[in-house]
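Student: I'd like to ask some things about the structure below.
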Amino acid sequence: MTDTLPRSGAGSAPAPALRSDARDNRDRILEVARAAFATEGLEVPLREIARRAGVGPATLYRRFPTKESLVTAAFADQMSLCLTIVERALDDPDPWHGFRGVIEQLSELHAKDRGFTAAFMSAYPRAIDFAAGRERALLAFSELARRAKDAGMLRREFVLDDLVLILMAAGGIRSAGPAGAAVAARRFAAVTLEGLRANPDATPLPPAARLPMVPVA
32 MTDTLPRSGA
42 GSAPAPALRS
52 DARDNRDRIL
62 EVARAAFATE
72 GLEVPLREIA
82 RRAGVGPATL
92 YRRFPTKESL
102 VTAAFADQMS
112 LCLTIVERAL
122 DDPDPWHGFR
132 GVIEQLSELH
142 AKDRGFTAAF
152 MSAYPRAIDF
162 AAGRERALLA
172 FSELARRAKD
182 AGMLRREFVL
192 DDLVLILMAA
202 GGIRSAGPAG
212 AAVAARRFAA
222 VTLEGLRANP
232 DATPLPPAAR
242 LPMVPVA
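Heads up, the numbering used here is the position in the sequence shown plus 31, with the first residue counted as 1.
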């Protein structure tokens, strides 16, 4: 990420409370950033985010001096949701049911928001909270996968990298709006889960999604 301005220096003192107008600007910037990143990915320039939010570039940079800081703030809620989904699945007495729910819900989450997929896969050295949340989610999912294997429901050769592959594929789903992406994600998750089951059954697949063809450059 190269959209940066020089920093004015970092201190350990807590940030002062924002005035109402500054808070409104921050909220509007985050709302616009989430929408732009979700549909266009993380390559949207910071100055374009500022323009769409109706603020000057200096206002945006004052709140978010780097794209990394904006991305991590914009996707804090999604990361928290991702962690909640996995941790709730660990409480399910049926490990396969919990594992299946995680794959289904995370596939839909990533299909609807391509920006979150890119953020989840990115390495942000200074985004300590973001990285910690991701590690907690991955560790919890590893435990869930182990339980599903021990129950004889998940293929023994499944590894954590397979989850990363699934999320990358789900993040690549392109459809007409969130509703279409959700339909495609459910179909994708069902097909994926049948390939991961130790003993696949004949459960009917969800309805197929009508997906647009990608034009060749």
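Cβ atoms here follow ideal geometry from the backbone N, Cα and C, with glycine treated the same way.
Could you name the residues of the same chain whose beta carbon sits closer than 8 Å to that of Leu114, not counting the 5 residues immediately before and after it, in chain order?
Tutor: Gly164, Arg167, Ala168 and Ala171
Student: Select from Arg78, Leu112, Arg65 and Glu174 the residue whose C-alpha is nearest the C-alpha of Asp144.
Tutor: Selected option, being the one with the closest Cα: Arg65.
Student: Taking just the CA atoms, how far does Pro231 sit from Arg83?
Tutor: 48 Å
Student: On the DSSP bridge assignment, give the partners of Arg228 in chain order.
Tutor: Leu185
Student: Once you ignore the five residues that flank Ser173 on each side, which residues in its own chain have a CB closer than 6 Å to its CB?
Tutor: Leu191
Student: Going by Cα to Cα distance, which pick from His141, Arg57 and His128 is closest to Gly203?
Tutor: Answer by Cα proximity: His141.
Student: How about Ala105 and Leu61: do their beta carbons lie closer than 8 Å?
Tutor: yes
Student: Considering only their Cβ atoms, is the gap separating Ser206 from Ala212 smaller than 8 Å?
Tutor: yes
Student: Considering Cα atoms alone, identify which of Ala120, Trp127, Asp122 and Glu139 is closest to Leu227.
Tutor: Trp127
Student: Would you call the region 173–185 and the region 117–134 touching, i.e. three or more CB-CB distances under 8 Å?
Tutor: yes
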